[in-house]
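Residue numbers (the numbering used here): 4 to 196.
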Ligand SMILES: [Zn+2]
């Protein structure tokens, strides 16, 4: 998979905003690495990252709250050749079977420092504007952002052809267009000044 025009437009938006000394943060629910490939730097991968694994054993340095290992540093060949529980890659420190470095449905955002949830909470309390792109508003992080930004009366937009944004005190304006076409147009207009 390659970054699409929405990933690229978000990078342009970040650069445009930084060039005028503004603050910008991209909080993504995606666990792929397409935002990084597109050049995003102010990126918070709040649901983790598919290119890393970690140890599930409490207290192990390769696991929560800070540790993880690059997936590329782990040998998956034996498992891929003959999938079995025994062939799964194990933690080099303690021998526990490694797990994906992503947030599972029954887990909490504050379980690992890499999710940077404290920073997201702080953004929710300080952002002057929130733009949601391609989200179904069905996860905890969107609930938090929508409620906190609305409580401060700041503008919010949802870019998605199908999304049904939650009703909150301050209108969350739906823009029913794909982010892949809308965001590049926004970028062009902003860069033109
Ligand atoms: Zn371990």
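In this text, a Cβ means the ideal position worked out from N, Cα and C, and glycines have one as well.
Model, not experiment: these values are computed from the prediction.
Of the heavy atoms belonging to ligand 1, at least one sits nearer than 7 Å to the Cβ of residue 60. In this structure the stretch 141-158 touches the stretch 25-33; the number of beta carbon pairs closer than 8 Å is three or more. With fewer than 16 other beta carbons inside 10 angstroms of its own, residue 180 counts as exposed. Here residue 182 is not near residue 157, since their CB atoms are 8 Å or more apart.
For residue 114, the shortest C-beta to heavy atom distance toward ligand 1 is 7 Å or greater.
Counting of Cβ neighbours within 10 angstroms places residue 116 among the exposed residues, the total staying below 16. Going by C-alpha positions, residue 118 is about 18 Å away from residue 60. According to the DSSP assignment, residue 146 belongs to the alpha helix (DSSP H) that extends over 143-154. One alpha carbon belongs to residue 47, the other to residue 102, and they sit about 20 Å apart. Rounded to the nearest angstrom, the Cβ distance from residue 17 to residue 44 is 7 Å, consistent with a contact under 8 Å. Approximately 5 Å separates the beta-carbon atoms of residue 11 and residue 41; this is inside 8 Å, confirming the contact.
With a beta-carbon spacing of about 7 Å, residue 160 and residue 135 fall inside the 8 Å limit used to define contacts.
In the three-state reduction of the DSSP assignment, residue 128 falls in the coil class.
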